[in-house]
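If you read the protein sequences in the order shown, they are chains A and B. Read in order, the letters of the first sequence are residues 1 to 181 in this note's numbering. Read in order, the letters of the second sequence are residues 1001 to 1104 in this note's numbering.
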Amino acid sequence: MVDAQLHLIISSELCQVRFLSAAVRAVLGELSYPSERISAVELCLVEAVNNVIEHAYREEAGHSVALRIQASAARVEVVVSDAGISMPEESLAHARARQRELAGQESLSLAEVELDSIAEGGYGLGLIIELMDQVTYHRDNGRNFLTMSLQVDLDQAAGESVGAASPPAPEPAVPIPPTSS
Amino acid sequence: MRISTSRNDGATTVRVHSARLDAAVADELRSGLQAALGENDEQTVIDLAEVTFIDSSGLGALIASLKSAKSKDIAISNAQPSVRTVLRMTRVDRSIRVLPSNAP
């Protein structure tokens, strides 16, 4: 399979993000990615680009947000870059800590977490961290780069689904005869 | 964005007629839902059958409108897999009831 290598640029307006979304969905669909992987990548890139527009460019139109995507049967890497204000250094670490805290609520049943106590925002980076295998952020030459990658292993997944032989059933345990007393 | 409301036997269903609940429409979603949920304090279901994509801004608008709603008995119905994933990953499904997808 030929790898996909694309560079896309949009203007820094929230109403443009859906077109980036549509393009990436089409590319990953062309590579026969499973729909849940396509949705994960789409959500992460939307969150990353929204962050750039809202925070790096403070919702000022006319700047450019660049996306580079490299997708193969094994993995997909998405790099979102901008020339705006950098994300604070501790943002990724804070988002990781928050995800760990949220993971602690996994065992709580419904209504144990009051609706009034939950945040209305700040979930974006956490979703990216949760859905992607690797997330890094750096600034280079006046530009910010958020790099996200996800292992896909399409070939392996296909092999599994056509039914690799299931492991042999374990030998039945030999019953131990009752000891006569 | 069109948001419709129907009432049946003391229960209200609020339907969001949009495939995409993202940052571009978050303000519109918040005000539309707040208007729909501010009408009564009955048992209410927000039907998201038409929604195929939600991001954290759309989710924030949803949370904000539920917080300000009159009714304290509100559930989400017909959430598609991508929407369920977001509700689960953010653990918002610990605070908002999400009905199984085959529920009426």
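In this text, a Cβ means the ideal position worked out from N, Cα and C, and glycines have one as well. In this text the structure is predicted, and so the values were computed from the model without any measurement.
Bridge partners of asparagine 144 (chain A) according to DSSP: A:Asp82, A:Arg139. From the beta-carbon of valine 135 (chain A), no residue of chain B is found nearer than 9 Å; the closest lies around 14 Å away. Comparing C-alpha distances from glutamate 47 (chain A) to each of A:Ser117, A:Glu77, A:Gly124, A:Gln151 shows the shortest one belongs to A:Gly124.
Between the C-alpha atoms of leucine 8 (chain A) and leucine 1059 (chain B) there is a straight-line separation of about 26 Å. Under the Cβ criterion of 8 Å, glutamine 151 (chain A) is not counted among the residues facing chain B. According to the DSSP secondary-structure assignment, histidine 7 (chain A) is paired through a beta bridge with A:Arg68. One Cα belongs to asparagine 1078 (chain B), the other to threonine 1090 (chain B), and the distance between them is close to 18 Å. Taken in chain order, the members of the region 31–46 of chain A whose beta-carbon sits within less than 9 Å of a beta-carbon on chain B are Ser35, Glu36, Ser39, Ala40, Glu42, Leu43, Val46. The region 1064–1076 of chain B and the region 1026–1037 of chain B touch, with no fewer than 3 CB-CB distances between them shorter than 8 Å. Secondary structure note for aspartate 1027 (chain B): its alpha helix (DSSP H) is the uninterrupted segment 1026–1037.
One Cα belongs to alanine 1023 (chain B), the other to aspartate 1055 (chain B), and the distance between them is close to 7 Å.
Using a Cβ-Cβ cut-off of 8 Å, serine 1031 (chain B) does not count as an interface residue toward chain A, since no Cβ of chain A sits closer than that to its own. Nearest to serine 149 (chain A) by C-alpha distance, out of A:Gln16, A:Ser12, A:Leu45, is A:Leu45. Here DSSP, grouped into helix, strand and coil, assigns valine 1098 (chain B) to strand.
For arginine 1015 (chain B), the pairing in a beta bridge is given by DSSP as B:Ser1004, B:Asp1047. The beta carbon of glycine 84 (chain A) lies closer than 6 Å to those of Ala56, Tyr57 in the same chain, with the five residues before and after it left out.
Within chain A, Ser35, Glu36, Ser39 have C-beta atoms less than 9 Å from the C-beta of proline 1081 (chain B), given in sequence order. Listed along chain A, no residue sits closer than 7 Å to arginine 1002 (chain B) by beta-carbon distance, the nearest being about 18 Å off. Pairing asparagine 1040 (chain B) with threonine 1012 (chain B) gives a Cβ-Cβ distance under 8 Å.
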